[in-house]
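Just below is one structure, and these are the notes that go with it.
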């Protein structure tokens, strides 16, 4: 048993007052959850604190909040660990971000998250009529592959943590895009091409993700939404060759080509190459290239101002000393028959398998 | 796109545009988000600067060119959900079929009723995907394999029920299981496959053959989410999410006429008219502490039906699950034992050898729970009143593939890596086999009132439910209820329901809210109830204990009439809902205890230390409880037998 100070963000929409912080204390063992602590405060002290919760076991996805500023489920955040990360002695609990607050810790998931989910046409559109009296025959790996996306409980924690969503509220967002992969990766679905086309061309679609890993870090179910978005991109670019209006295709190609050539990012070449599907020459020759370059002048100017690029750096970009190694890595990845996919349902935690092999080997010795 | 899909999808479109599949969606998405939604975000909470920095780490050429790229003209992609009232003129919202509860049974019923041409409203006190069906980890039983047979599945179920299940209902469930399973697969559930790409299965306890189909250990969640996908697709089903049902309504002739609801978001009360009402409101595990059940499982539907005179059946049959975490009561799926995990006592003995030498850990749940409790009671458990479940014998790859969820539960809630060490578990409250008495079409004796899923008692589970039969029960009888309700109300007029009930309910709730703080807190009464039930109405019961429990429950009922309330508001007043749920729970508890006192034998989950034998001559019958003059009244009904005579039950 230990005593914990909780600082909960309260908001009563009927009072006409602004949101405020209220302090409480809870007494429970450190391995219990923040939700347990909040429920204890509700039970003993003030039952008017609003929080959605149901299963207490991180399967219903009700209790998404921000604890010490970090988005998480209250039920699978241990109170002891939260106390260690508390900044000024009190564990702060506030409603999730990127969503309107209805009361106290309750946010309007419908207004943001569920609208975005419906945006990705979230139901199976089978390629063909179901076989009479039997199931669709599909590879076992394919079903395991989409299971990671199926594991999403729609708690909204990634939506809350998403940095892209903060800048662009129209971004379809990590959870909804993970849901999209659940259909794109499902061999029974007949509209993969159209789905990917749609998500690639949407200015707020798959190329609106900035790779910040926030969703991967906070997801309580290891869905790794960003990984699912990257898989959507890979399928869009490599499998379907979708050259989208957002230039996501070209940007990706340009990035890889530059790294292959220099080992580090050659900032000045990234933009022109992006317009030429990765090729500098093609980027220069395309009539649209010049137009897009002009459009991007403000970005270039701000880059020059912040000294991220300079005329000298633009012309001469040094190769990494052991550039050969980079090339070797790229070659090795490209030579693989199958794309390397990190899927927890197939390989387990990173390294767990190797450790297991080592442990078994150890036994034999 | 195939033409037929256009039709389905177009129904969603106000202006005939395709849902973003045929052409880029441009700013469609923006249209859906009213500006006001963002205005509500607390000022100063946006951290734009941080975002720019993140972008810079990768490159300065921001790929976010969205605002400047001329795209196709904005197209509205999907119409918003139909969350508003379905009103005729200025009258009350009305539907042919009103489904209360949006777990598997409710969603399946709603889809079946809509398919049969009814206008359907589905109401839930939580968002549908928060429903407790999520917790069904293990899988769904179906005799799909040509080498298996529905008769074998049915016999296992009958035997598992300790012969208290109605065999006609069990036959229907087992016969329709394969088709139901295939329907789900066709809708998109990502069932585990074998090497040939066909549906793969695992073994479950109490079953003579491996016939459990699954999605890793998130089967319930996967099915729930896929059904919700279908609800989003079928716009003809009206969803009322976060509405709390306070009571059921009847017309002058006693036929169901609708229900009274409270909109949790703003506290307004509304009368919903319906020609038929399907209760799919789940179980009542919250009357026990600890329990594997979610906080929402408060037996609302069971109590509401009981209050308008519907009989409840088999209420004494409360399942204790053999593998729950001590303290919190969280569930460790039986899939673990299905995959080969072992049970040990503190002396390292694999004790199931003594109790079920053939089936070992895969014996029926009541048998395993009693075995564990006996070990614990006789001092062979660990100090924390538990025994050990050893999953390390299952290959690690298989654990990651099929038991991932309990790896998380072990890590997050017990601090144990189940792939490396045994985890301490004990029997814990899990499921109520009893519920609102229905026939094989889900009809209750109240005309127009149906029940399906855990809140119903068909009875397919009898004295003990087999693992992976509950999902099947919800789906088969959910579908049958929905279909039957839709067909039976065709051509029927909307029933006349008095608005007086609505006013009564409004007054009742505002009285609760206005109450001063003199009474006990809801949480105190609930805690005492949970402790009492877990102490006296658990794995082992006797008359003295049960009488103590009944006394306590009745005292708590009195105290609950004057509970104190902290929250005086209308928006998300969870406090007042807690008080209403407490009343529902106490009604459930009273019926359970009264039935348990009545059954003076041991059968299935009911084990009476004062009557340790099963007595078929006297007690091979259902105990029905109905409300009579404010107190539960007991009567009996026959168990339907078709082809299986009672035998001694060994595993």
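Residue numbers (this note's numbering), protein chains in the order written: chain H, 597 to 961; chain B, 140 to 790. Quick reminder that beta carbons are idealized off the backbone N, C-alpha and C, glycines included.
Check, Outcome
"Cβ-based burial, residue 925/H [other Cβ within 10 Å; buried from 16]", "exposed"
"Within-8 Å CB hit, residue 332/B to chain H", "yes"
"Beta-carbon proximity list for residue 563/B, same chain, < 7 Å, skipping 5 on both sides", "465, 521, 523, 525 and 527"
"Contact check, residue 389/B vs residue 447/B, beta carbons under 8 Å", "yes"
"Segment limits, alpha helix (DSSP H) that includes residue 887/H", "883 to 891"
"Residue 606/H, DSSP secondary structure in three states", "strand"
"Chain B contacts from the region 643 to 669 of chain H (Cβ-Cβ distance under 9 Å)", "643, 644, 645, 646, 647, 648, 649, 650, 651, 652, 653, 654, 655, 656, 657 and 658"
"Distance CB(residue 935/H)-CB(residue 856/H) smaller than 8 Å", "no"
"Interface residues of chain B facing residue 699/H [CB-CB closer than 7 Å]", "710 and 711"
"Opening and closing residue of the beta strand (DSSP E) in which residue 682/B lies", "Premise fails: residue 682/B lies in the alpha helix (DSSP H), 682 to 699, not in any beta strand (DSSP E)."
"Any non-hydrogen atom of the ligand HEM closer than 7 Å to residue 718/H Cβ", "This structure lacks the ligand HEM; in fact it carries no ligand of any kind."
"Pick from 558/B, 515/B and 552/B that is closest to residue 536/B, judged by C-alpha positions", "558/B"
"C-beta neighbour in chain B for residue 620/H, strict 8 Å", "no"
"Backbone CA spacing between residue 708/H and residue 695/H [nearest angstrom]", "6 Å"
"Runs of alpha helix (DSSP H) wholly within the region 902 to 939 of chain H (minimum 4 residues, chain order)", "907 to 911 and 919 to 931"
"Neighbour list for residue 361/B in chain H, Cβ cutoff strictly below 9 Å", "743, 746 and 747"
"Limits of the unbroken beta strand (DSSP E) element including residue 559/B", "Per DSSP, residue 559/B belongs to no beta strand (DSSP E) and is neither H nor E."
"Below-8 Å beta-carbon distance, residue 717/B vs any chain H residue", "yes"
"DSSP beta-bridge partners of residue 332/B", "338/B"
"Proximal residues of chain B, C-beta to C-beta of residue 608/H below 7 Å", "708"
"Any C-beta of chain H under 8 Å from that of residue 724/B", "no"
"Distance between residue 722/H and residue 337/B (C-alpha atoms, nearest Å)", "17 Å"
"Residue-chain proximity (residue 160/B, chain H), Cβ-Cβ < 8 Å", "Low local confidence applies: a pLDDT of 39 at residue 160/B is under 50, so the model's placement there is unreliable, with the coordinate-based value given in what follows. Output row for residue 160/B: interface = yes."
"Simplified DSSP assignment, three categories, for residue 664/H", "coil"
"Beta carbon proximity, residue 225/B to chain H, threshold 8 Å", "Low per-residue confidence applies at residue 225/B: pLDDT is 46, beneath 50, and the placement is therefore not dependable, though the value from the model is reported in the following sentence. False, the Cβ-Cβ gap to chain H never drops below 8 Å."
"Short CB-CB distance (under 8 Å) between residue 490/B and chain H", "no"
"Within-8 Å CB hit, residue 200/B to chain H", "Note that residue 200/B scores a pLDDT of 29, beneath 50, so its modelled location is shaky; the value from the coordinates is reported in the next line. True, the Cβ-Cβ gap to chain H drops below 8 Å."
"Through-space distance from residue 629/H to residue 777/B, alpha-carbon basis", "47 Å"
"Given residue 653/H as reference, the closest of 255/B, 232/B, 258/B and 271/B once Cα atoms are compared", "271/B"
"Cβ pair count under 8 Å reaching 3, the region 719 to 738 of chain H against the region 736 to 750 of chain B", "no"
"Per-residue DSSP class, three states only, for residue 785/H", "strand"
"Proximal residues of chain B, C-beta to C-beta of residue 639/H below 9 Å", "660, 661, 662, 663, 665 and 666"
"Assigned exposure category for residue 657/B - 16 Cβ within 10 Å defines buried", "exposed"
"Endpoints, alpha helix (DSSP H) assigned at residue 868/H", "863 to 871"
"Neighbour-count burial assignment, residue 597/H, 16 or more Cβ in a 10 Å radius", "exposed"
"Residues that residue 913/H contacts on chain B, provided the C-beta gap is smaller than 8 Å", "Per Cβ cutoff of 8 Å: no residues; residue 913/H is ~13 Å from chain B at best."
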